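So the structure is just underneath, and the comments pick up after that.
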Amino acid sequence: MKNLFLLLALALATGPQALAQGGMTSKDYDNGATGTESRNTGVGIKGGYNTSNINGSGADLFPNKNSFAAFNAGVYGQFGFTNFASLQVELLYIRKGYHTDAGTTSTGAAYTAHDTRLDYFELPVMFVGNITETLSLHVGPQVSVLTKVLNDGQNLDLNANGYNTLDYGFVGGAEARLGLGRLGVRYDLSLADIYKTGAAVKYGNTALTVQDGKVRNQSIQVYLGIGYRK
């Protein structure tokens, strides 16, 4: 994650030189009154910080649940329709999860910092509307595939432990841009259940049986990005 932010910072630092040599600036918003391309058309990389938790009626099974902090990183492509509208497709690697005090240790003491980490590959497809030359709103569906689960650092078998590998939902947020740089914030709400009904979630010597399968992800993401015009 540190290397990712160093790469983004380097690209931002060298952005002004690229712009001086003919790259895109925030003044390149218009492409003619009837143009079918917007300055959004292009590709880029992005990465940042996200904080996630679980919600839904089944989430009450996990006592004292708290947010889980991690990172997201990936690539994106934008396809402009008009000077206002474009479509943005991303492929992200994102870590979600939660903290809970459920379960006890081998000595019978209660856990105080138990955590579950959920690693996904996520594919958001978003409509982008430009509010100003530097500010845009993003909204659309996302679909994700669960690739790894760690409980307190222990790698779990997804099928044997009752995890659903497919996730889907909606994302929405806002993004500010100046030249090549992007800074955005996004809310990610899942509509699919993390666990299969009847799954036994083990924390230490305690096994919690999921009777209500409505345990779902939610996260807030903050990211930096570097974009290059087509």
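Each step along the sequence shown adds one to the number in this note's numbering, with nothing skipped, and position 190 is 188.
The beta carbon of each residue, even a glycine, is placed where N, CA and C say it ideally should be.
Note that the structure is predicted; figures quoted are calculated from it, not measured.
Beta carbon of glycine 112 nearer than 9 Å to that of valine 126: The question names glycine, but residue 112 is histidine in the sequence shown. With respect to the 9 Å criterion, histidine 112 and valine 126 are not classified as neighbours on the basis of their beta carbons.
Would you identify the three-state DSSP class for alanine 67, choosing helix, strand or coil? DSSP places alanine 67 in strand when its eight states are reduced to three.
Please report the straight-line C-alpha distance between asparagine 149 and arginine 115, rounded to a whole angstrom. Distance between the alpha carbons of asparagine 149 and arginine 115 is about 6 Å.
Going by DSSP, which residues form a beta bridge with serine 134? In the DSSP secondary-structure assignment, serine 134 is bridged to Asn128 and Glu173.
Identify whether aspartate 99 lies in helix, strand or coil by the three-state DSSP scheme. Coil.
CB-CB length for threonine 98 against lysine 44, believed under 8 Å: That belief does not hold up - the Cβ atoms of threonine 98 and lysine 44 are roughly 30 Å apart, past 8 Å.
Restricting to Cα atoms, I'd like to know which of Ile92, Arg175 and Arg227 is closest to isoleucine 129. Nearest of Ile92, Arg175 and Arg227 to isoleucine 129, Cα basis: Arg175.
Three-state class that DSSP yields for leucine 59 in the structure shown: Leucine 59 falls in the helix class under three-state DSSP.
Which residues in the same chain have their Cβ closer than 6 Å to the Cβ of valine 199, if we skip the five residues on either side of it in sequence? Within the same chain, valine 199 has close Cβ partners Leu206.
What are the start and end residues of the beta strand (DSSP E) that includes tyrosine 226? Looking at the DSSP string, the run of the beta strand (DSSP E) that includes tyrosine 226 is 214 to 227.
Can you name, in chain order, every residue of its own chain whose Cβ lies under 7 Å from the Cβ of phenylalanine 77, other than the five neighbours on each side? Setting aside the 5 residues that flank it on each side, phenylalanine 77 is surrounded in the same chain by Thr39, Ser84 and Leu85, each with a C-beta closer than 7 Å to its C-beta; the list follows chain order.
So, lysine 194 versus glycine 160, is the Cβ gap smaller than 9 Å? Result yes, Cβ atoms of lysine 194 and glycine 160 sit closer than 9 Å.
Helix, strand or coil at valine 199 [DSSP, three-state]: Note: valine 199 maps to strand in three-state DSSP.
Run through DSSP, which three-state label would alanine 190 get? Three-state DSSP puts alanine 190 in coil, outside helix and strand.
Bridge partners - threonine 49, DSSP secondary structure assignment: Threonine 49 pairs with Ala67 and Ile218.
Cutting at 6 Å between CB atoms, please list the residues of its own chain near serine 188, excluding the five before and the five after it. When the five nearest sequence neighbours on each side are left out, the beta carbons in the same chain lying within less than 6 Å of the beta carbon of serine 188 are those of Asp165, Gly167, Arg214 and Asn215, in order along the chain.
Suppose contacts are defined by Cβ-Cβ distances below 9 Å. Is phenylalanine 119 in contact with leucine 89 by that definition? In this structure, leucine 89 lies closer than 9 Å to phenylalanine 119 by Cβ.
Where does phenylalanine 79 fall in DSSP's three states? In this structure, phenylalanine 79 counts as coil in the three-state DSSP scheme.
Anticipated Cβ contact below 8 Å, glutamine 140 with aspartate 186, distance rounded: Indeed, because the Cβ distance is near 7 Å, the residues count as touching under 8 Å.
In this structure, how does DSSP classify glycine 211 when only helix, strand and coil are distinguished? It is coil, neither helix nor strand.
Please identify the residue among Ala100, Val147 and Pro122 whose C-alpha is closest to the C-alpha of tyrosine 201. Ala100 is the residue among Ala100, Val147 and Pro122 whose C-alpha sits nearest the C-alpha of tyrosine 201.
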